[in-house]
Structure formats: structure tokens, C-alpha cells
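Here's the structure we're looking at; comments come further down.
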Amino acid sequence: MDCKTLILFLFFFTLISSADFIIHPSNEVNLLDSKASQGELGWISSPSHGWEEISGVDEHYTPIRTFQVCNVMEYSQNNWLRTNWIPRNSAQKIYVELKFTLRDCNSIPMVLTCKETFNLHYLETEEDQGNKFREHQFSKIDTIAADESFTQMDLGDRILKLNTEVREVGPMTKKGFYLAFQDVGACVALVSVRVYFKKCPFTVRNLAMFPDTVPTDSQSLVEVRGSCVNNSKEEDPPKMYCSTEGEWLVPIGKCLCNIGYEERGVACQACRPGFYKASSGNVKCSKCPPHSYTHQEGSVHCGCEKNYFRADEDPASMACSRPPSAPRNVISAINETSVILDWNWPADTGGRKDVIFNVVCKRCWPGPRQCEPCRGAVRFLPRAFGLTNTTVTVADLLAHTNYTFEIEAQNGVSFQAPTIRQYAAVTITTNQAAPSAVTVIRKDRTSRNSISLSWMEPERPNGIILDYEVKYYEKEQETSYTILRSKGTNVTLNGLKPDTTYLLQIRARTAAGYGSSSRKFEFETSPDSFSISSENSQVVLIAISSAVAIILLTVVLYIVISRFCRYSKSKHPDEKRLPFGNGHLRLPGIKTYVDPHTYEDPSQAVHEFAKELDASSIAIDKVVGAGEFGEVCSGRLKLPSKKEICVAIKTLKAGYTEKQRRDFLSEASIMGQFDHPNIIRLEGVVTRSKPVMIVTEYMENGSLDGFLRKHDAQFTVIQLVGMLRGIASGMKYLSDMGYVHRDLAARNILVNSNLVCKVSDFGLSRVLEDDPEAAYTTRGGKIPIRWTAPEAIAYRKFTSASDVWSYGIVLWEVMSYGERPYWEMSNQDVIKAVDEGYRLPPPMECPATLYQLMLDCWQKDRNNRPKFEQIVSILDKLIRNPSSLKITASTASRPVNLLLDRNSTDITSFHTMGDWLESARTLPCKDAFSGVSYSSCDTLAKTSAEDFKKVGVTIVGPQKKIVSSLTTLETHSKNGPVPV
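Under the working numbering, the sequence shown has 1138 at position 913, and the numbering climbs by one with no breaks.
Below you can see the structure in the form of C-alpha cells.
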């Protein structure tokens, strides 16, 4: 095949095959495309008579550059064609697309050597090497074979077959590379060469923009964080994964349009005039409600038209409204000195339903219009202000008096228009007067302790006298008086002081009310020396009564004091309680917990201690977990003030038994009795509809153990101590109420957004019993072994002291950021180890003072453990003195099996103070005393409490035990001072 034939073949080929050039996907980025070159490509051919660069045109007469080689009439062909240097940009995996034709060797007559393949090679370099070309530097990619080859007949019929092959190269590490094509004796035409890499192209998904991303040369996906489009914010962090094929996969998270903007296409655009959007989210802008407007773009609410208003608590979606018109058709019904007022609703309520009525009472005089607000004991039934119905009764008015009543209508926006006061008025006159004053009073009989009086009926009774009010007091002591009531016109005043002057006033009462009081009359009782026979029996009776009263009082006081003394001696000082109610206990002056299980009807306890909520005020958003009785959800509670708060909601699953319902609600009966900033707050219960619910405050950060594991080593020691102080404060509150939690653990402590820790989960909790030595005994229930005190495990008895043990475990959990106590040890191994004296080692970088507090909480004898009140005090001191937290408890010099019971150590076995310090099990004793010069046990034993504090031993118990041990050691030391 001569050169002209091959050129002709290429020309026809380009005319026919140009239709095969397609538009490439948008995720492919070309590094080289020979079709795009209008001039010579300038590739290097070796030898020069091998590959030839040929110019041609396609069907649009656009010039294209191709290469051919067809030296089949000669033996041993080795023809190379090398491209120019190709920068790889950021690509690691390269794709090479070849379009070529190849002639069938059998169709070429008198051929000497012929192949139907050629080889593809590449070479990576850091820079362009110019015309330097060395075959041995290239690495082979693949041997390229044709799927379709043409013959002489195909060439004559212009039926030419184009082959397309794609090969991958990578990973690439250097800045660029060369491609080389090796011909070993084929008749081939290289029509086009395209070199490209794949990328995940820029895209917008869920209102998040994801940039062009080049995948790595591996099988893993590349995680790409998206950025929200303008005028939007993240709801969940938007992410997608870029595959090695340049495809975006697995969209996660999304962005929400800001207030005033709505989603249109792939962008957040401002609301059009006349529309608004008051909350973030991907909802459309809403049209302005009635009587409101906006002329701006991006409005978050619509302003009200003139004379229309919106209350502060009204949502933006509510129509603007106006004050109501005046009430209509006021009717009055007078009954002596009372009046019933009735009226109709306003013709215009202003577009609102929250209309109320206020009734203003004014007393008026004849002649020129003069009125003043009503005074005295005028009563309104049911009330004067905030009426929701259209009637009111006004009582205790003065008789024969003119009154004007103004009935005012108001709604939620009336206060925004104070100049617009809509009311209706009615004037009435009462029709009965009160009686006139008593003018004549006589003294009938006087004794040393009583006065008998009588009087004349008032001159103008103005009706039937119902009774008389007699007011009397000692002269000069007007503020301390006594009032008697008499049906008749006489009375005897008893219990007076001898030889004392009294002042007295009387007034009469009819159906119209009380009349005016009489003037003050003055009377005197007889002196002590004055007596009459009628008085003797009275004196004797009073004397006897007084004596009996004194004796009874003495007996009662004796019983109370005796019982209190016996009670004080029998009780632990911190467990003293006073009898209260139905066998319950309380601290003097402190609210006491009442066990709901003592109620015959448990539902009575629920309604006594928990507020019943309307189910319609609760909105459940999502399920966040599952409890023993049903699902645990997060949601919102609408308060009577129309404010919404976030809450946690426990629901009782369907098909429950009555016992399950009682057990479920018993936790609410318990929580409802607590009111403390470190105890989970009960918002209320729903028992009158299904599902039955317990609603508590929402704690954003969940349980303390999970929160700490999630934020490992992210808090300062002071922050951790602050959390621990809150837990201790809550437990002190429970302990003061006579309450044992029994399941205190980090998993049962909840954390809010301000890092405030609150005690929760009262499913295992029980109250202490009356017996001072008794504790609650479980009914065979499961016990959390790793958190429970030894005596509670062994005897199934719980006290506040066992809660202190559990608090020590919580303290360890906090300082270890949620690590599991005793790690992978079995429960039986834990019980055995603790019983033998093993105690958890200090967590990493744990302050020595906090670890000492743990050890004190884990004292085997519960009476030696600190009380929660002491724990709070200790933590307060540490917070006020942060430098005391700088000394850390070291585990390097301490054996793994830490024994808390130091009294079991044989003191006589130590020959030096160093031996004793080496064996000391109470941290930070050993670390604290290292570097301190004590020449003998005698000098150390004389160390004061302040000296111990300086070296980190702040708890009184360890101080005493150290001194006791050293005193014993000094006794057994026979050779003088023991060196450290």
C-alpha cells in the first residue's frame, strides 16, 4: 500500500467517521485533544520515516491532524511517536481515549511483516524534557488491538471502521507526563488522541454548593462538605461523596432558606412585595394576612394598616386587628343595694376572639355632673376586670345613692390604641338606706370582769334590724379591739380586766347593710376588792379550769420532750426526722417527700403532685429513644402564655395493664414533689386521654456519660468540678427530703445546653422508712452492681450513704470522661474485688483532692462516708481555690489492687518512714509527702490540719488515720528517728 493510497484512505475516513465524535460528559476534563488543534501537533517521530503527520478535513471542512504508519513491506519495525509534555494538573488517575483504523494484514498482498496491534506507553516527569527521547524510559500501558479492521474492498466502498479504545493510567505523582505509541509492523492510522481525567463537577444539592472535586486514585469515596447558598443556613451539615467515576453520591444534610427568603430552583430568593416569611425553612413565602402589607422584598412580617394592630404574642401569620366596639344593650336590675348588669357583645369584635370586659364603678351626685370612683366594700361578682361573660353582680352599694357603671370592651390590641376607649354606660339609684346610728346606750350591771349593756333601737331603722355589731377595746389601745354580734338590744361583755376603762361603739345592720356607728361610750369595770356573790362561782370555775390546763400542758410537754430525747439518741445525727402525716418523715422546716406507693389510690398521688396538661398543647416532633414502658420523644409544650418550650415526652405504649399505668405514673408522682435547679423538672402529665404521657423539661445534651464520651478531654477541670457540684447539690436536696435514689449513675444524669447537670430517672428510688436504723429493702429487683455500695448489694438495703458511694462512682466516670467502671470485669468479679478492698484507680490527670474524695465516698463503713452537704462544701472550696486541683493523683507508684482499708496493714513491718509512705494507699499521701522533710514519725504525728492541707490531704478522716498509723509506727521504732 503506497503513501497516496493511505492518504486517500484517511481523507475518506475523516469524511465518514467525523460523525462519531461526540460531546463528552461534563465530569471529564481534557488535558489533550488532538482534534482541537488546527495546526501541526509537533509530536516527535522516531525514526523520522516511521509515523507521519497528515492533515485532513472533516465533513464540515474543518482541518484535523492525524498520524499514520504502514511500513509492512519491511522487516523488524520499531516506530515510535511521542506526544508533547502534558501537565496533569490535580489529577491522579488519567484516561487515554484513542480513535484509530487498522488494516487487515490478510488484505495486503506481498506483505513481509504485519501486525494488527500497536503499543501504548507513558513516562512521568517533573518538567518538559523538550526533544529528548529515550525509548527505555517509557513504561508500557497496554497493547492496543482493533476490534474492527478494514480491507481493500472496504476502502473502495468507503466503508471504513473506526476503533475506540480507552485505557487508565495512574496513580500519577509527578507534575506531567508523555504518551508514546509504538508500531511494530502494523498499517494503522491514529485519527485522534484525547487525554482526560474525571471530576465531580460543581453542583447544588439541597441548597448546598459542592465545588469541583477530583477523586483520589482509590476505591474509597471522597467526603466533600458543602456550603450553603446565599441567604440560607445549615440545618444539618450538608455532605456528599465523590466517587472515582466522577459521580456525586449519598447526599446528607441540607440548608434552609433564611427568614424572608424562599427556595426557587437552586437558590434562596427574597420574598416578593406583598409576601413574607417569618421562619427559616424551605417553605414558600406567604401572602400578607388581611389588613397588613409590605412593599419591600425579603420581608419577615407584614406591617398593619392604619388603625389596625397586632399583639406581641400574635404570630406573623395572624391578621391585623383593631379594638372592639362598645358593648350593646346594657340592662340593669336593681335589688335594694345590689345591681345586676347585663349586656350584649360588641357588634364588632375587631377580628379577634380574646374579648374581655371591665366594669368601672363611679358614685355621682345630683346637679352638675360630678363623680368619683366607688370606695368602700363594693363587691363585684365574679370580678370587675377581665370578664369573659356578659353579666356581673355589684353588691354592698350605699342605699339611695346614684351610681354610674361603665362597661368597657377590650381585646388583645386595645392597649396599643389607648386613645380608643369603647364602653357603654348606665346610671342607677339604689332604693334602700341603711339604718341610722344608735344614740342611747345604758349600763345595766358592772363587775370586775364583765359589763352588761342595753340600748334603744335606731330612730330610723329603714327596714328590719337583722343584728347589732358591738365593738369594744381598752382605752388607749384602739388598734386591739373585739367585735361581738347581738340579735337583741342588750349584751354582756365578759373576760374584761378589773378596774379598767373600755370604749364601745354599736351599729345596726339591715338588708341594706350596716348603718353608721354610734359615738364612743366609755365604761369601767369594778376593782379587785369589789366582789359580789354571783361572781364567786365564776372565779372558782376559772381557777379550776386554769389549774387543769396547766397540768395537761405539763404532761404534754413532758411526753414530747421525752420522745424527742429518745428519738435523738436512736438516730444518726444526719438522719433525724420528725413524724409527719401518714407515717411519712420530714426535716424541721423542710419539705418532705411522700411515697406515692402509700396511697390507696395511686392516681390520687399523681393528681396531687403533678399538673394535668391538655394533650392539645403538646406537639411531638420525633422519637429519640425507648424506655421501659414506651417511647421517649422530643417535642414542644404550649404554655398558657402562648409561649412554646421544648420538652421531653415519655409515652405509655398501647395495650398497657392498670399496674403498668400505675408504675408509669408513679415516677411523675415522685418528680412532681421536687423543685431544685439540679433535679429534672416535671412539666406535667396527660392521664385523661391517650397516650398517657409524662412531660419533663428538655435536656439538649442528653445523658452525662454519652456527653462526656462525645467530648473527651474537651473540658477544664474547673468545668468538670462545676458539673459535679451541681450533681452533689441535687443529691443533697433529695437527701434532705429523706429520699434515696438507688440508681445514681452518669447515665441517669442529664445535661442541658448550659452544661447544668440534673439528676433524673427515679424508677428505682424509694423513701427512707421511719425506723432510724432501717433502709429500703428491694423486692428482688435488679441492682446496678458497679454503682452500688457493698452493704446494698449484700443486704439489699439502701440509705443516703449508699447514694454517696454511687456518687463516688459518678465522680470517677466524670473524671474519666464516661469510661465504664471496672472496665470488662464481670459483676461477680466486681463484688468480690470490692469486698476484698479493691478500689478504682485515679483516672488520667485526675486531681489528687478529687481522687481522695472518691476514696472517702468508697469507705466500707457507711458511717465514715461524707454526707452530701460535706461534698458540696468540699467542691465549693475547690472551685474557689483552683490551685488545689493542680496536684494530680499518680498511679505509677501505686499497685493495681488499691486497698482502702489501711487499718489492716501491719505497722510493725515497716522499718523506715519511706517504707510506710511506699505502702500508703491513700492518695495523695505518698505523692504529697514526697519532698517534705520529716525526720521522724514523732514530728509528722504532730503535724496540724493546716499542714496536712498544704500537702493536699484535705479530708479529716485520712488526716486522723495518717496520724494514728504514724503514732503506732513511732511506738514500734526502737532505733531513734526513722529517716524518710
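Each residue gets a CB set at the ideal place from its N, CA and C atoms; glycine is no exception. Note that the structure is a prediction, hence the values are computed from the model and not measured.
Fewer than three pairs of CB atoms, one per stretch, sit closer than 8 Å, so the segment 336-351 makes no contact with the segment 433-441. Taking each of Val1029, Glu253, Pro1068 and Thr726 in turn and checking the Cα distance to Gly471, the smallest one comes out for Glu253.
Boundaries of the beta strand (DSSP E) harbouring Thr629: Asn627 to Gln635, taken from the DSSP string. Apart from sequence neighbours up to five positions away, the residues of its chain that approach Ala572 with a beta-carbon distance below 6 Å are Ser550, ordered along the chain. Bounds of the alpha helix (DSSP H) holding Arg934 are Leu929 to Lys935.
DSSP places Lys260 outside any beta strand (DSSP E), giving it a letter other than H or E. Taking all protein chains in view, the Cβ of Ile289 is crowded by 16 or more other Cβ atoms within 10 Å, so the residue is classified as buried. By a beta-carbon distance limit of 8 Å, Val920 does not contact Leu877. Their separation comes to about 12 Å.
Between the alpha carbons of Val831 and Arg906 lies a gap of roughly 15 Å. Membership of Leu1078 in the alpha helix (DSSP H) is indicated by the continuous run Ala1073 to Cys1082. Straight-line spacing of the CA atoms in Phe987 and Ala851 works out to 16 Å. By the neighbour-count definition (other C-beta atoms within 10 Å, threshold 16), Phe325 is a buried residue. Three or more beta-carbon pairs separated by less than 8 Å link the segment 916-930 to the segment 827-844, which places the two stretches in contact.
Taken in chain order, the complete beta strand (DSSP E) segments of 3 or more residues contained in the segment 279-315 are 288-294 and 304-307.
For Lys668, the closest alpha carbon among the candidates Gln595, Val617, Lys1085 and Phe746 is that of Phe746. Sequence-distant partners of Trp1083 (beyond 5 residues in either direction) whose C-beta falls short of 7 Å from its own C-beta, in its chain, are Trp1030, Gly1033, Arg1064 and Leu1125.
Taking C-beta atoms as the reference points, Thr338 and Val297 count as a pair closer than 8 Å. Assignment of beta-bridge partners to Val695 by DSSP yields Leu709 and Ile731. According to the DSSP secondary-structure assignment, Cys858 is paired through a beta bridge with Val848 and Ile874. Considering only Ser457, His516 and Gly478, the residue with the shortest C-alpha distance to Glu487 is Ser457.
The segment 646-663 makes no contact with the segment 599-612; the number of CB pairs closer than 8 Å stays below 3. As the crow flies, the alpha-carbon of Tyr727 is around 7 Å from that of Tyr697.
By the Cβ criterion, the segment 303-318 is in contact with the segment 273-284, since at least three pairs of Cβ atoms, one from each stretch, lie closer than 8 Å.
Collapsing the DSSP output to three states places Gly401 in a strand. CA-to-CA, the gap between Gln595 and Glu701 works out to about 40 Å. Across the structure, Ala971 and Ser985 are spaced so that their CA atoms are roughly 10 Å apart. In the DSSP assignment, Ala1017 falls within the unbroken alpha helix (DSSP H) covering Pro1015 to Tyr1020.
Taking C-alpha positions only, Lys502 is separated from Val638 by approximately 23 Å.
For His520, there is no enclosing beta strand (DSSP E), since its DSSP letter is neither H nor E.
For Pro827, no beta strand (DSSP E) segment is defined; the enclosing uninterrupted segment is the alpha helix (DSSP H) at Pro827 to Phe834.
Rounded to the nearest angstrom, the gap between the Cα atoms of Val416 and Met397 is 26 Å. In the displayed model, Glu892 falls within a helix according to three-state DSSP.
A buried status is given to Asp1081, since no fewer than 16 other beta-carbon atoms sit within 10 Å of its beta-carbon. Under the 8 Å Cβ criterion, the segment 519-531 does not count as touching the segment 551-560, having fewer than three qualifying pairs. With a contact defined as Cβ atoms closer than 8 Å, Thr654 and Lys587 miss out at about 13 Å. With respect to the 8 Å criterion, Phe435 and Phe427 are classified as neighbours on the basis of their beta carbons.
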